[in-house]
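Written out below as structure tokens is the structure these notes cover.
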């Protein structure tokens, strides 16, 4: 089992520290990967659960948006959609996923499109 499943609070803490390091060195790819780890661990944490994961995902999406990083914004929005699904908020998940798809289409990334 993964650290996130066995010790979610420790996984969140470790991933948050790594996320800050990636932010300091302006490594967006690494930061985004750590955001995903934080959120996955938060989803496993019975104390915080999907509510905290949703907050983290929204914060990441907003930060990437503010920085003009559309690709990572879209990836973070996809994670927001995932957390809405975990909360069984299907309509919100669909709306946010569509927003992510629109961003990816606008920047020419068609890898996530259904053909």
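Numbering (this note's numbering), first residue to last: 1 to 115. Just so you know, even glycine gets a beta-carbon here, dropped at the ideal spot from N, CA and C.
TODO: Assuming residue 12 contacts residue 45 (C-beta within less than 8 Å), just tell me the rounded distance between them.
DONE: Right, their Cβ atoms sit about 7 Å apart.
Task: Own chain, CB closer than 6 Å to residue 70, minus 5 neighbours either side, in chain order - done: 103 and 107
Task: Three-way DSSP call (helix, strand, coil) for residue 102 in this model - done: helix
Open item on the list: Counting C-beta neighbours from all protein chains within 10 Å, is the total for residue 100 16 or more, i.e. buried, or is it exposed?
Closed with: buried
Open item on the list: If you measure between the beta carbons of residue 80 and residue 54, is that distance less than 9 Å?
Closed with: Yes, the pair counts as a contact, with Cβ atoms nearer than the cut-off.
TODO: Check whether the Cβ of residue 7 lies closer than 8 Å to any heavy atom of the ligand NAD, and answer yes or no.
DONE: Annotation note on the ligand NAD: not contained in the displayed structure, which lists no ligands.
Open item on the list: Classify residue 96: buried if its beta carbon has 16 or more other beta carbons within 10 angstroms, exposed otherwise.
Closed with: buried
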